[in-house]
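Each residue of the sequence shown is one higher than the one before, counting from 260 in the working numbering. Beta carbons: idealized from backbone N, C-alpha and C, even for Gly.
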Amino acid sequence: MIAGEALLDTFINANILFCVAFVLWYVVREVMSRTGLKHAYGTQLRLLNTIFLVIVAAPFIALAFTTLQSSGVAKGVSLNLSDMVVAYYLNGGFEMKASEFEGLVLARDTFMLNVLNGAGFLAQAAIIAFVVGFALGMVRLVYSMFCLYRIVASSYGWRAFGRVHIRLSDRTLVPFSTRGLRNYYVVIPSHMLGTSDELRVSLAHEFQHIRQGDLEWEILLEALKPVFFLNPAYHAWKRHVEDLREFNCDSAVLSKGRIDVRAYCDTLLSVCQKTLRRDRAFVIAVPKVTLVTADRTALRDGKMSFLEHRIRSVLDARRLRFERLVFASVAVPMVAALTLTTLAIQRPGDWSHDRLMLSTVVNLERLDEINRLSTFGRIRN
């Protein structure tokens with residue numbers, strides 16, 4: 260039960276941190292857009308990846324802080340949000356019945372206990388929703404990997420450079436890259452052998468994804484998708500990572516000066532036109548990183564498509580000066596804020612003085628209620 264409780268507690272904290280991190284990211288992105296850093300795609304992508312690692316490391320951060328407290332280094336330092344709210348209430352910060360306030364403070368513990376025991380409608384609904392979402396997500400992930408395996412397995416080996424294998428396929432109209440346990444695979448449509456510009460752009464783009472480690476991040480995000488199936492912040496986070504990944508890759512490829520901007524944009528338009536006729540197996544197949552995909556929703560709703568955003572970013576690209584300094588100046592406050600949030604949302608480890616006081620007030624309130632009812636009964640008799 261203790262292991263299950265710790266796992267559930269970690270899962271709840273991770274969901275909270277993703278929501279908080281996405282709000283922080285949204286604010287930082289707006290600030291960067293208004294300060295001339297809109298095109299700092301590499302910095303923004305590194306920032307998202309760094310924050311993701313902080314969320315993954317959150318349990319270890321909390322454990323390290325607890326160790327410091329127990330060893331006396333951080334003795335008396337309390338960053339727990341629940342304890343702060345209790346202290347604020349006891350100091351007369353707001354009016355509320357003590358029993359009702361205690362119920363709010365213990366709501367998370369009560370919910371966790373109900374989930375672990377399967378008691379109560381809300382807990383049972385949460386369990387069913389998670390199990391169904393996780394099962395559907397895993398089925399989708401396994402089937403997607405199977406579709407991807409079939410596409411790569413049915414392709415033909417063309418070139419190999421160390422661990423990178425270039426393969427030709429008649430089953431796909433869109434270049435993409437993926438990886439196995441050891442090797443990387445860049446799959447190119449066979450018809451591109453007759454179009455040198457498209458072939459050169461596609462290879463440069465997919466090689467850049469491999470150099471940037473985008474495939475590893477894509478695999479990690481796809482693998483965690485079934486776990487955070489019910490968290491909209493996680494899905495929004497993943498979409499932002501995917502968008503910045505393409506923006507950054509476009510910028511990195513063109514910054515080398517080996518490919519003409521017009522040829523690059525023409526290739527994106529040509530391949531995107533072909534993706535409108537793509538088969539469902541290719542759409543489902545993950546984890547992979549494609550050259551371009553058609554944004555059908557934007558085309559239907561009359562909005563600016565992601566492809567148009569990419570082309571505009573390519574034409575308006577600017578070289579960022581002092582990239583490391585900019586990254587540090589943005590990442591340090593975000594990491595600090597998320598670390599404080601991690602410590603603030605932890606469950607209290609023991610009964611603090613304020614919590615004992617709250618429990619005493621609740622008991623006195625209940626005792627007063629009992630006495631009042633007893634007195635009322637005697638008066639009636």
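- Task: Using 10 angstroms around the beta-carbon of L558, count the other beta-carbons present and answer buried if the total reaches 16, otherwise exposed.
- Result: Only weak support is given to the placement of L558: the predicted model assigns it a pLDDT of 47, under 50, and the value that follows is read from those uncertain coordinates. Exposed: under 16 other Cβ atoms inside 10 Å.
- Message: Here's the rule: buried if 16 or more other CB atoms are within 10 angstroms of the residue's CB, otherwise exposed. What is V279?
- Response: buried
- For V445 versus L550, is the C-beta spacing smaller than 8 Å? no
- Using the Cα positions of D502 and V621, report the straight-line distance between them to the nearest angstrom. 52 Å
- Query: Based on Cα-Cα distance, which residue from A299, I314, G396 and L304 lies nearest to L276?
  - Reply: I314
- Can you check whether the CB of F393 is closer than 8 Å to the CB of F488? yes
- Excluding the 5 residues preceding and the 5 following L267 in the sequence, name in chain order all residues of the same chain whose CB lies nearer than 8 Å to its CB. M371, V374 and L375
- Message: Can you list, in chain order, the residues of its chain with a C-beta nearer than 6 Å to that of L626? Leave out the 5 residues immediately preceding and following it.
- Response: none
- Buried versus exposed call for T269 [16 or more other C-beta atoms within 10 Å across all chains shown]: exposed
- Between the beta-carbon of S564 and the beta-carbon of E457, is there less than 8 Å? no
- Look at the alpha carbon of Q471 and the alpha carbon of A299, and state the distance between them as a whole number of angstroms. 15 Å
- Are A603 and N339 closer than 8 Å when you measure CB to CB? yes
- Item | As assigned by DSSP and simplified to three states, the class of S414 | coil
- Cut-off 7 Å between Cβ atoms - residues of its own chain near H464, not counting five sequence neighbours on either side: C508, V512 and L550
- How would you write the range of the alpha helix (DSSP H) that L483 sits in, first residue to last? D473 to L483
- Query: Rounded to a whole number of angstroms, what is the C-alpha to C-alpha distance between I638 and K356?
  - Reply: Because I638 carries a pLDDT of 49, less than 50, the predicted location of this residue cannot be relied on, and the following value inherits that uncertainty. Computed Cα separation, rounded: 26 Å.
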